[in-house]
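Data first, discussion second: the structure below is written as structure tokens.
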Amino acid sequence: MAAPQEWSMSDFEIGKYIGEGKFGKVYLAREKQSGYVVALKVMYKAKLEKYRFHAHLRREIEIQHGLDHPNVLRLFAWFHDEERVVLVLEYAARSELYKVLRAAGHFTERTAATYVASLAGALAYCHKKQVIHRDIKPENLLLDIEGRLKIADFGWAARSNAKRHTLCRPPFYLAPEMIEKKAHDHAVDNWTLGILCYEFLYSSPPFEADEQDDTLRRIVRVDLTFPSSPCVSSEAKDLITKNCEFESSKRLSLEDIMKHPWIKKNAEPSGSCIKQKGLGRVKPVLI
Ligand code: AMP
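Note that the sequence shown covers residues 982 to 1268 in the numbering used here.
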């Protein structure tokens, strides 16, 4: 895929450094003409080559560029020069959901249900576009300035016209059919939604074990138990249990998740659990 040539670094004022990934750094930036604030993900070609990441990146760009949903991080554009490949991304001011979860310990049912509903809506949209994410985990979920969830990082996503056979990472969130290297489809994302819902409410994923092999064994046995603390409603446990079904065809559909009584009762329709103080919607303006 050829990058549109009209963009270059000189189109942006580079602001603060946000963070570092495996292939480069992420910066806050402002597009000079429009003043629009974005995140620039600057990756080094040498590193991409070293780790043979080209194919993943190409897939990530191709897939993410075609997606436009309030809970999917927008990839506005991309360009490259001799040394670097640069992704122009929507800026997620509240950073990783993972960090928020670690700081909070676990989420309230209202917060957990709001994120699960946002995820279900975004995944339903992706699946309709024949995209399976396959790597949904807290580190790949970002929050915008209003606390709305954004799915990021489509490096492991796949087009789902046919059932897939390749195994992706990481163990805690893998569906049984991926561990058993069976053909898998969009239902792997539905499984992960159940796992994440559990982690949001209990602070760690359900099949965690010290050894990776034990985690994998617990997943294929669906060794699902609910601790007595924190206290979690039976409706939440019902949603988790119905998503953590070994048989992928028996899992709740994303539409059923969105209609589930626990979601109906708890999820914020706005997708945000953060109270705005009198100013209404906060505009992302400053670098
Ligand atoms: P990555 O290269 O995707 O692993 O990202 C490196 C760091 O930058 C991580 O801390 C991410 O949370 C952060 N980051 C990546 N993309 C964005 C974005 N669009 N908005 C805000 N922070 C981001």
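No residue lacks a Cβ here, since even glycine has one placed at the ideal position from N, Cα and C.
Give the range of the beta strand (DSSP E) segment to which residue i is assigned.
i       : result
Phe1060 : 1056–1061
Ile999  : 993–1001
Leu1068 : 1065–1071
Ile1132 : 1130–1132
Leu1205 : Counting along the chain, Leu1205 falls outside any beta strand (DSSP E), and DSSP gives it neither H nor E.
How would you write the range of the alpha helix (DSSP H) that residue i sits in, first residue to last?
i       : result
Gly1175 : 1168–1183
Tyr1032 : No alpha helix (DSSP H) holds Tyr1032; DSSP gives it neither H nor E.
Leu1100 : 1090–1109
Give me, in chain order, the residues of the same chain whose beta-carbon lies closer than 6 Å to that of residue i; leave out the 5 immediate sequence neighbours on both sides.
i       : result
Glu1180 : Pro1186
Tyr1079 : Pro1119, Glu1120
Ala1168 : Ser1229, Arg1232
His1050 : Ala1103, Tyr1106
Gly1252 : Ser1099, Arg1129
Leu1235 : Ala1101, Leu1104, Ala1105
Distance check for residue j and residue i, CA to CA, integer angstroms please.
i       : j       : result
Pro1250 : Thr1095 : 8 Å
Leu1122 : Ala1073 : 10 Å
Lys1245 : Tyr1106 : 19 Å
Leu1197 : Glu1043 : 31 Å
Lys1144 : Asp1166 : For Lys1144, the pLDDT reaches just 48, beneath the cut-off of 50, and the residue's location in the model is therefore unreliable, leaving the point undetermined.
Arg1033 : Ile1117 : 22 Å
Val1213 : Thr1089 : 9 Å
Ala1133 : Met1024 : 16 Å
Glu1030 : Ile1255 : 41 Å
Phe1057 : Leu1070 : 6 Å
Arg1040 : Gly1047 : 11 Å
Lys997  : Gln1045 : 24 Å
Ala1101 : His1114 : 12 Å
Glu1001 : Leu1021 : 11 Å
What are the residues that DSSP puts in a beta bridge with residue i?
i       : result
Tyr1017 : Per DSSP, none; premise fails for Tyr1017.
Arg1011 : Glu994, Val1018
Ile1044 : Partner(s): none; Ile1044 has no beta bridge.
Ile1221 : Partner(s): none; Ile1221 has no beta bridge.
Gly1005 : Met1024
Give every residue of the same chain whose Cβ lies closer than 8 Å to the Cβ of residue i, excluding the five residues on either side of it in the sequence, and list them in chain order.
i       : result
Val1203 : Pro1157, Cys1225, Glu1226, Phe1227
Ser989  : Phe1060, Asp1062
Residues in its own chain within less than 7 Å of residue i by CB, not counting five upstream and five downstream?
i       : result
Val1201 : Pro1157, Ile1160, Glu1161
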